[in-house]
Amino acid sequence: MMQPTLTLRYVHEADDLLELLTQIVGRKRLRRRALGQAVVVVVTLWGLLVVLAVAGPDRQWWIPAALLALVLVGRVVRALVVTSRWSLRRRARAIWRRAPSRRLPRETEIGPDALTVSVEGTTTSYDWSHFGSFTESDRQFILLDRTDRPSVMIPKRALSDAALVQVCRDLLTQYLADASDSPDSPSEPPSPSAPPDDHGA
Numbered sequence: 013m014m015q016p017t018l019t020l021r022y023v024h025e026a027d028d029l030l031e032l033l034t035q036i037v038g039r040k041r042l043r044r045r046a047l048g049q050a051v052v053v054v055v056t057l058w059g060l061l062v063v064l065a066v067a068g069p070d071r072q073w074w075i076p077a078a079l080l081a082l083v084l085v086g087r088v089v090r091a092l093v094v095t096s097r098w099s100l101r102r103r104a105r106a107i108w109r110r111a112p113s114r115r116l117p118r119e120t121e122i123g124p125d126a127l128t129v130s131v132e133g134t135t136t137s138y139d140w141s142h143f144g145s146f147t148e149s150d151r152q153f154i155l156l157d158r159t160d161r162p163s164v165m166i167p168k169r170a171l172s173d174a175a176l177v178q179v180c181r182d183l184l185t186q187y188l189a190d191a192s193d194s195p196d197s198p199s200e201p202p203s204p205s206a207p208p209d210d211h212g213a
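Numbering-wise, the working numbering puts 106 at position 94 of the sequence shown, and it's gapless, one number per residue.
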């Protein structure tokens, strides 16, 4: 029996890229680490102030303690700011302005053998073994490679009917599962003819 193919036509938007940036594993890890550091900083400083108040109330211990606090708090704040949605939005807008190719109309075909992205006559074909999984939001599907890095965005607005969202979800699930069950499932790089950066992250 012939397996189904789904074809989508769309133009990416800056908010697609913003959402992709928020999915980057390193960003989530950095935010978790920064929040953990914030808790450690608060507990450490509180304990330090208590110890200094008891051990040497007449000495100027508060000066080095304050300097240490500024350094630690500064590091935490920088990590949170750099990974904040506001910062990522600025980064997405900057990338959007510098990369006109991202604003070109494209066609994506979800087929049993590969996911194929075409932009202005240039086609890149991704074997399903290139991907490890996908995530889904209200806005789009994001295919992740085998290291969990965002690779290809598929906006849901490209689907002409709301019922096709479930069809798209089922096809992605099926073809990724088929690839992981395949004996030659090691990841292969996308074939021909344009760099994946033009189509994914």
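The beta-carbon is built from N, C-alpha and C at its ideal position, and this holds for glycine as well.
Because the structure is a prediction, the values reported are computed rather than measured.
Check, Outcome
"For Leu-18 and Ala-175, the rounded distance between their alpha carbons", "13 Å"
"Residue range of the beta strand (DSSP E) that includes Ala-126", "126 to 131"
"CA-to-CA distance, Arg-21 to Ile-154, given in whole angstroms", "16 Å"
"The stretch 156 to 166 touching the stretch 140 to 147, judged by at least three CB pairs closer than 8 Å", "yes"
"Bounding residues of the beta strand (DSSP E) (the contiguous stretch that carries Gln-178)", "Premise fails: Gln-178 lies in the alpha helix (DSSP H), 175 to 193, not in any beta strand (DSSP E)."
"Euclidean distance between Cα positions of Arg-118 and Ser-149", "20 Å"
"Option nearest Val-51 by Cα separation, candidates Leu-84, Leu-32 and Glu-25", "Leu-84"
"Cβ-Cβ distance between Thr-134 and Leu-127 below 9 Å", "no"
"Nearest-angstrom Cα separation, counted from Gly-59 out to Val-37", "Reliability fails at Val-37, whose pLDDT of 48 lies under 50, so the model's placement of it is uncertain and the value that follows must be treated cautiously. Spanning the two alpha carbons is a distance of roughly 33 Å."
"Beta-carbon proximity check, Leu-100 vs Leu-33, cutoff 9 Å", "yes"
"Best match in Ile-166, Arg-151 and Thr-56 for proximity to Arg-114 [C-alpha to C-alpha]", "Ile-166"
"Separation of Pro-162 from Arg-109, as counted between CA atoms", "20 Å"
"Nearest to Arg-181 (by Cα), restricted to the options Ala-106, Ser-130, Ile-122 and Gly-86", "Ile-122"
"Start and end residues, beta strand (DSSP E) containing Leu-156", "152 to 157"
"C-beta contact flag for Asp-28 and Arg-151 at 9 Å", "yes"
"Counted within 10 angstroms of its Cβ, other Cβ atoms place Thr-185 as buried (16 or more) or exposed", "exposed"
"Asp-139 in three-state terms, based on DSSP", "strand"
"Local conformation of Pro-117 per DSSP, three classes", "coil"
"Local conformation of Thr-56 per DSSP, three classes", "helix"
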